[in-house]
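Read through the structure below, which is laid out as structure tokens, and then see the notes.
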Amino acid sequence: MSGEGKEPQAIRKLAPGKLVIASHNPGKVREITALLSPYGVEPISAAELDLPEPEETGTTFVANAELKAMQAADLSGLPALADDSGLCVEALGGDPGIFSARWAGETKDFAVAMQRVEDAVRAKGPLAGRDAHFVCALALAWPDGHVEWFEGRVDGTLVWPPRGERGFGYDAIFLPNGGEQTFGEMDPDAKHAISHRADAFRQLVAAVF
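In this note's numbering, the protein residues as written are -17 to 191.
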């Protein structure tokens, strides 16, 4: 799903070498590094380069991913990959969505965020559904301003109480459709095979490597 209306051959390829991971979230950096490891890329996190975290002013996952990738590429002089992802709950009209990290507060406490989601769903009453999906938008930017983007999704349901110490963010309350373990219980390799981030990565790899 690279930029609207582009022919496939117009997609820019990514050469081997250094790539900035435009995230200060250690869990995300770890996952992205693992997904990139087969492709001759040397990932460096924005935190390692002491790059600032931009304010996420976009109204979509793609817009926020582009904003982060473009700033990191501009400041580092290197290609940069940014991810904007979140949990969308149908009963909450798609919330927390692009505000998924903000629901965790300034301390990024996702135990608080998961409780907020559960409380909000319960407040909708006993007939509220528990369908949810994760979205991941990836933006790959070059210092000259060129950007490619890709969006992935995985569907599932919310469970309560949280299950599993693996993963990060909302993983412990998300049960993917057809699965028996939450993302918080899954072995990382099993999660990488089906996650929203893996879906977006498959598209990115097919396009730019």
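Where a beta carbon is used, it is the ideal one built from N, C-alpha and C, also for glycine.
{"Item": "Where Met(-17) and Pro170 are concerned, what is the direct C-alpha to C-alpha distance, given to the nearest angstrom?", "Value": "Confidence in Met(-17) is poor, its pLDDT being 48 and thus under 50, which makes the residue's placement too unreliable to answer from."}
{"Item": "Report yes if the C-beta distance between His178 and Val141 is below 8 Å; otherwise report no.", "Value": "no"}
{"Item": "Ignoring anything shorter than 3 residues, give me the beta strand (DSSP E) runs that lie fully in the segment 76 to 132, in order along the chain.", "Value": "113 to 123"}
{"Item": "Does the beta-carbon of Leu120 have 16 or more other beta-carbons within 10 angstroms, so that it is buried, or is it exposed?", "Value": "buried"}
{"Item": "Classify Glu130 as buried or exposed, calling it buried when 16 or more other Cβ atoms lie within 10 Å of its own Cβ.", "Value": "buried"}
{"Item": "Would you check if the distance between the CB atom of Ala62 and the CB atom of Ala123 is smaller than 8 Å?", "Value": "yes"}
{"Item": "For Ala86, which residues in the same chain have their Cβ closer than 7 Å to its Cβ, ignoring the five residues on either side in sequence?", "Value": "Phe92, Val94 and Ala95"}
{"Item": "Could you tell me the alpha carbon to alpha carbon distance between Thr89 and Gly161, rounded to whole angstroms?", "Value": "31 Å"}
{"Item": "Any contact of the segment -5 to 6 with the segment 15 to 27, i.e. 3+ C-beta pairs under 8 Å?", "Value": "yes"}
{"Item": "Grouping DSSP H, G and I as helix and E and B as strand, with all else coil, what is Phe43?", "Value": "helix"}
{"Item": "In whole angstroms, give me the CA-to-CA distance for Asp153 and Val103.", "Value": "17 Å"}
{"Item": "Taking the alpha carbon of Arg184 as the point to measure from, which residue in Asp113, Ala4, Leu18 and Asn7 has its own alpha carbon closest?", "Value": "Leu18"}
{"Item": "Count the other C-beta atoms from every protein chain shown that fall within 10 angstroms of the C-beta of Ala16, then say buried if there are 16 or more, exposed otherwise.", "Value": "exposed"}
{"Item": "Using a Cβ cut-off of 8 Å (strictly closer), state whether Gly(-1) contacts chain C.", "Value": "In the displayed structure, chain C is absent; only one protein chain is listed."}
{"Item": "I'd like to know whether the C-beta atoms of Val190 and Ile(-7) end up nearer to each other than 8 Å.", "Value": "yes"}
{"Item": "Kindly list the residues whose CB is nearer than 7 Å to the CB of Asn46, restricted to its own chain and excluding five residues on each side of it in sequence; keep chain order.", "Value": "Glu38, Gly40, Asp66 and Ile80"}
{"Item": "What would DSSP say about Glu48, mapped onto helix, strand or coil?", "Value": "helix"}
{"Item": "Quick one: what does DSSP say Glu37 is sitting in, helix, strand or coil?", "Value": "coil"}
{"Item": "If we ignore side chains and look at the alpha-carbon of each, how far apart do Pro125 and Lys106 end up?", "Value": "46 Å"}
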